[in-house]
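See structure below.
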Amino acid sequence: MATPAYRAEGLTRTYGEGASAVHALRGVDLSLPTGEIVVLLGPSGSGKSTLLNILGGLDRPSSGRAWFRDAELTAMTDRQLTRYRRDHLGFIFQFYNLMPSLTAEENVELVTEIARDPMTPSEALELVGLEKRRGHFPSQLSGGEQQRVAIARAVAKQPDVLLCDEPTGALDSTTGREVLGVLQHLNETLGTTVLIVTHAAATAAMADRVIRFADGAIRTVDRNPGKRPAREIEW
Ligand SMILES: Nc1ncnc2c1ncn2[C@@H]1O[C@H](COP(=O)(O)OP(=O)(O)OP(=O)(O)O)[C@@H](O)[C@H]1O
């Protein structure tokens, strides 16, 4: 069997100590195949972002182990984690974190200038349907368009994995569907593994695999035999 994109064994993450300690993760085991769209659902505070941040090398667990392919993330130095993020990952967050004084194209260039094997900014903007807006500043773009610039920036370096934390959280449903459609398109055309953390349960329709989270632990993992195009998702 192919090596999974991610594996985890017994991940815990506790914030604080004693009576006020928060147990954000309480023993997470998981295996995520390469090339899938995985949607991680769960109530607010259930630990979804904590898990995403550990898999993304932005945080470390209190105990347990995690691997990206055959590389153990939990054994890496900070410098190795930085390199892992730079070489393999694209991040997409609820808020787009674009530089307001740079155009769409220049925002994407920030990444393509330092990546190993990047697309051109034009290619990345074309993938998200924003070629014609390349010279616009973020303030001249709608929320959905700004999120698409953020996606173009994340995919321009041709990452192996896109880690998305509430990518549609700030968008209306029509725009949210468009943005999810872009993620689906990237998965289909580039084979990018996509992990989406979200409150929006309807997003599960476009997933290959749906993980339901509650109270710091995985409750169910389901394969989705009836995967649907993002444009058909109803909120
Ligand atoms: N830096 C921190 N310090 C203390 N507690 C934290 C910290 N980060 C997260 N927590 C707590 O850990 C728990 C899990 O948080 P997490 O953000 O992972 O949940 P989530 O499922 O992503 O929630 P949401 O859907 O609201 O983003 C919550 O109770 C949260 O308050």
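Note that my numbering has the sequence shown beginning at 51, numbered continuously upward. Where is the CB? At the ideal position from N, CA and C, for every residue including glycine. All of these numbers come straight from a predicted model, not from anything done at the bench.
Note the first and the last residue of the continuous beta strand (DSSP E) segment covering residue i.
i, result
"Leu90", "87 to 91"
"Ala55", "From DSSP, Ala55 is part of no beta strand (DSSP E); its letter is neither H nor E."
"Leu212", "211 to 215"
"Leu191", "Leu191 -> no beta strand (DSSP E), and no H or E assigned at all."
Per DSSP, which one or two residues make a beta bridge with residue i?
i, result
"Leu65", "For the record, residue 65 in the displayed sequence is Tyr; it is not Leu. Note: Tyr65 sits in a beta bridge opposite Val72."
"Glu122", "Trp117"
"Val286", "Limits of the chain in this structure are 51 at one end and 285 at the other, which puts residue 286 out of reach."
"Phe141", "Leu213"
Using only alpha-carbon positions, find the residue among the options that is nearest to residue i.
i, options, result
"Tyr65", "Ala255, His249, Leu75", "Leu75"
"Arg198", "Arg63, Asn147, Ser94, Ser113", "Asn147"
"Glu216", "Glu67, Ala254, Thr248, Leu80", "Thr248"
"Ala254", "Ile283, Asp265, Thr242, Glu228", "Ile283"
"Gly140", "Ala204, Ile164, Gly231, Lys98", "Ala204"
"Thr53", "Leu102, Asp120, Val88", "Asp120"
"Met169", "Lys207, Glu176, Gly179, Asp137", "Lys207"
"Ala174", "Ser189, Lys182, Val158", "Val158"
"Leu233", "Asp79, Gly194, Gly107", "Gly194"
"Gly85", "Gly107, Ser113, Tyr56", "Tyr56"
"Ala257", "Val88, Thr132, Leu108, Ala202", "Val88"
"Ala200", "Val178, Leu102, Leu61", "Val178"
"Arg135", "Ala154, Gly114, Phe145, Ile104", "Ile104"
If I follow the unbroken alpha helix (DSSP H) through residue i, where does it start and stop?
i, result
"Ile104", "98 to 105"
"Glu173", "171 to 177"
"Thr153", "Careful: Thr153 lies outside any alpha helix (DSSP H) and carries neither H nor E."
*Scan the region 238 to 277 and note each continuous beta strand (DSSP E) run of 3 residues or more that stays entirely inside, going in chain order.*
243 to 248, 259 to 264, 267 to 273
*Just jot down, in chain order, the residues whose CB lies closer than 5 angstroms to any heavy atom of ligand 1.*
Tyr65, Val72, Ala74, Ser94, Gly95, Ser96, Gly97, Lys98, Ser99, Thr100
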